[in-house]
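Undergrad:
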Amino acid sequence: MGKIALGVFIATLASSVLSVGFAGLAGEAGFIRLAQAAEAKYSKSGSTGKSEVQSYTIEESFAAENFKELAITSITTDIRITPSTDGKIHLRYSYKTFDVPKTREEILGIIWKPEGSEARFQLDQSAGDERSWKAKLAELVKLGFRADDAKAEIKLPPSILKVQFKSVSGDFKTEDIKLQSLEATTVSGDVDVEGQIHQLKGKSVSGDLEFKSELASPQVEFSTTSGDMEVEFKKIEPNINVSFETTSGSMKSINQRLQGNVKEHLLGQGVGQVKLKSVSGDVEISVDKF
0 MGKIALGVFI ATLASSVLSV GFAGLAGEAG FIRLAQAAEA KYSKSGSTGK
50 SEVQSYTIEE SFAAENFKEL AITSITTDIR ITPSTDGKIH LRYSYKTFDV
100 PKTREEILGI IWKPEGSEAR FQLDQSAGDE RSWKAKLAEL VKLGFRADDA
150 KAEIKLPPSI LKVQFKSVSG DFKTEDIKLQ SLEATTVSGD VDVEGQIHQL
200 KGKSVSGDLE FKSELASPQV EFSTTSGDME VEFKKIEPNI NVSFETTSGS
250 MKSINQRLQG NVKEHLLGQG VGQVKLKSVS GDVEISVDKF
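Residue numbers (numbering that gives the first Met the number 0): 0 to 289.
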């Protein structure tokens, strides 16, 4: 079956939206609660004027053996991805907002219930405010969360083979992840990827792009305007062919300093391809032998 799709976006000028999409087969009949409002907890962490700053955390996990792809979009939310060891996707979403708990006890709940070839999504934003949507199961599910200061931690099982990430200023970080494909795009957010990634694409205007590879011959494409780029090989000798296209940036490879455009720079047999583009950002290729 294809992808399941719905977008729920609640945005203000001071808000950030985290949108998580899961592509794969439909889940089991019944309810899958990805962000159950009743389980959201808050605690006062400060005050400004008449509005209190409230801190919220939503935690959910669900079976993911039928899912192969994860798509994440965010405005300012920082994302951190680590491995899951129990075959489930775990989501922990923490954020702060100015609100009065008495008038907003239920923060946000999105419930997904498959109904034949369609799925119904219900948003419980606050008391008396309930809306529902229907989406074809052949498209992509997207869940949106409003927040002023947010972070999301996602644990992924080995069944997820592909990840896509897009943000404005939110940072993206992975640790010890194994993926066939990863694509990250930001405006000013930094991208810090670590793990066994066979194909990696990163693009940013001013954010830095960093890849700590546990494979000798990955396929990498990095592009920035002013952000710096770094590719580091962890406890393994690189087997790559590097190209660097730049206007004013420079490249440092192991112990060499290269200026201007570099059409071909072999490390090992050059099996993997590392293609780097930048206007003014610098590049470093290194090996961590410890």
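By construction, the Cβ of each residue, glycine as well, lies at the ideal position given by its N, Cα and C atoms.
Source: prediction; values computed, not measured.
Run through the region 191-237 for me and flag every whole beta strand (DSSP E) of 3 or more residues, listed as ranges in chain order.
TA: DSSP runs (the beta strand (DSSP E)) wholly in the region 191-237: 208-212, 218-223, 228-233.
Undergrad: Only counting the same chain, and skipping five residues up and downstream in sequence, which positions put a Cβ closer than 8 Å to that of residue 160?
TA: By 1-based counting over the sequence shown, the position of residue 160 is 161. 67, 68, 178, 179, 180, listed in sequence order.
Undergrad: So what's residue 179 in DSSP terms, helix, strand or just coil?
TA: Counting from one through the sequence shown, the residue named residue 179 turns up at place 180. Here residue 179 sits in strand by DSSP.
Undergrad: Would you check if there are 3 or more beta carbon pairs closer than 8 Å linking the region 214-233 to the region 191-204?
TA: Enough Cβ pairs lie closer than 8 Å, so yes.
Undergrad: Report the option in 77, 268, 271, 249 whose CA atom is closest to the CA atom of residue 283.
TA: Start at 1 with the first residue of the sequence shown, and residue 283 comes out as number 284. Of the candidates 77, 268, 271, 249, the one whose C-alpha sits nearest the C-alpha of residue 283 is 249.
Undergrad: From the DSSP secondary-structure annotation, give me the bridge partner or partners of residue 271.
TA: Position 272 of the sequence shown, counted from the start, is the residue given in the question as residue 271. DSSP lists 239 as partners of residue 271.
Undergrad: Is the Cβ-Cβ distance between residue 171 and residue 186 less than 7 Å?
TA: Counted from its first residue, the sequence shown places residue 171 at position 172. Counted from its first residue, the sequence shown places residue 186 at position 187. Not closer than 7 Å, so no.
Undergrad: Between which two residues does the beta strand (DSSP E) carrying residue 185 extend?
TA: Position 186 of the sequence shown holds residue 185. From DSSP, residue 185 is part of no beta strand (DSSP E); its letter is neither H nor E.
Undergrad: Given a cut-off of 7 Å on the beta-carbon distance, is the pair residue 226 and residue 205 in contact?
TA: By one-based count along the sequence shown, residue 226 stands at place 227. By one-based count along the sequence shown, residue 205 stands at place 206. Closer than 7 Å, so yes.
Undergrad: Verify whether the separation of the beta carbon atoms of residue 221 and residue 71 is less than 7 Å.
TA: Counting from one through the sequence shown, the residue named residue 221 turns up at place 222. Counting from one through the sequence shown, the residue named residue 71 turns up at place 72. No.
Undergrad: Identify which residue in 156, 157, 244 has its Cα closest to the Cα of residue 273.
TA: The sequence position of residue 273 within the sequence shown is 274, counting from 1. Considering only alpha carbons, the answer is 244.
Undergrad: What's the gap between the Cα of residue 255 and the Cα of residue 60?
TA: Locating residue 255 in the sequence shown gives position 256, where the first residue counts as 1. Locating residue 60 in the sequence shown gives position 61, where the first residue counts as 1. So the two alpha carbons sit approximately 47 Å from each other.
Undergrad: Which value, in whole angstroms, describes the spacing of the CA atoms of residue 286 and residue 75?
TA: The residue labelled residue 286 in the question sits at position 287 within the sequence shown. The residue labelled residue 75 in the question sits at position 76 within the sequence shown. Residue 286 and residue 75: Cα-Cα distance of roughly 32 Å.
Undergrad: CB residue 271 to CB residue 239, shorter than 7 Å?
TA: Stepping through the sequence shown from its first residue, residue 271 is reached at position 272. Stepping through the sequence shown from its first residue, residue 239 is reached at position 240. Closer than 7 Å, so yes.
Undergrad: Closest to residue 86 by CA distance: which of 79, 266, 149, 154 is it?
TA: Within the sequence shown, the letter at position 87 stands for residue 86. Looking at the Cα atoms, 154 is the closest of the given residues.
Undergrad: Determine the closest residue to residue 265 out of 237, 259, 258, with distance taken between C-alpha atoms.
TA: Working through the sequence shown from its first residue, we reach residue 265 at position 266. Of the listed residues, the one whose Cα sits closest to residue 265 is 237.
Undergrad: Out of 79, 89, 231, point me to the one whose CA is closest to residue 174's CA.
TA: In the sequence shown, the residue the question calls residue 174 occupies position 175. Closest by alpha carbon: 79.
Undergrad: Indicate the three-state DSSP secondary structure (helix, strand or coil) for residue 160 in the structure shown.
TA: Position 161 of the sequence shown, counted from the start, is the residue given in the question as residue 160. Three-state DSSP puts residue 160 in coil, outside helix and strand.
Undergrad: Considering only C-alpha positions, which residue in the set 269, 278, 275, 242 is nearest to residue 263?
TA: Walking along the sequence shown from the start, residue 263 turns up at place 264. For residue 263, the nearest C-alpha among the options comes from 242.
Undergrad: Pull up the DSSP beta-bridge partners for residue 278, would you.
TA: In the sequence shown, counting from the first residue as 1, residue 278 sits at position 279. DSSP output for residue 278 lists no bridge partner at all.
Undergrad: Alpha carbons only, please: which of 279, 183, 157, 232 is nearest the one belonging to residue 288?
TA: Indexing the sequence shown from 1 puts residue 288 at position 289. Nearest option by C-alpha distance: 232.
Undergrad: With residue 263 as the anchor, note down where its beta strand (DSSP E) starts and where it stops.
TA: The residue labelled residue 263 in the question sits at position 264 within the sequence shown. Per DSSP, residue 263 belongs to the beta strand (DSSP E) from 261-266.
Undergrad: Distance check for residue 246 and residue 229, CA to CA, integer angstroms please.
TA: Here residue 229 corresponds to residue number 230 of the sequence shown, with the count starting at 1. Here residue 246 corresponds to residue number 247 of the sequence shown, with the count starting at 1. For residue 229 and residue 246, the distance between alpha carbons rounds to 17 Å.
Undergrad: For residue 184, does the count of other Cβ atoms within 10 angstroms reach 16, so buried, or fall short, so exposed?
TA: Here residue 184 corresponds to residue number 185 of the sequence shown, with the count starting at 1. Label assigned to residue 184: buried.
Undergrad: So for residue 170, helix, strand or coil by DSSP?
TA: By one-based count along the sequence shown, residue 170 stands at place 171. If DSSP states are grouped into helix, strand and coil, residue 170 belongs with coil.
Undergrad: What does DSSP give as the partner residues of residue 285 in its beta bridges?
TA: Counting from 1 along the sequence shown, the entry for residue 285 is found at position 286. Bridge partners of residue 285: 231.
Undergrad: Evaluate residue 201 with the Cβ neighbour count: other Cβ atoms within 10 Å of its Cβ, from every protein chain shown; 16 or more gives buried, anything less gives exposed.
TA: Against the sequence shown, residue 201 aligns to sequence position 202. Looking at its Cβ environment, which holds 16 or more other Cβ atoms inside 10 Å, residue 201 is buried.
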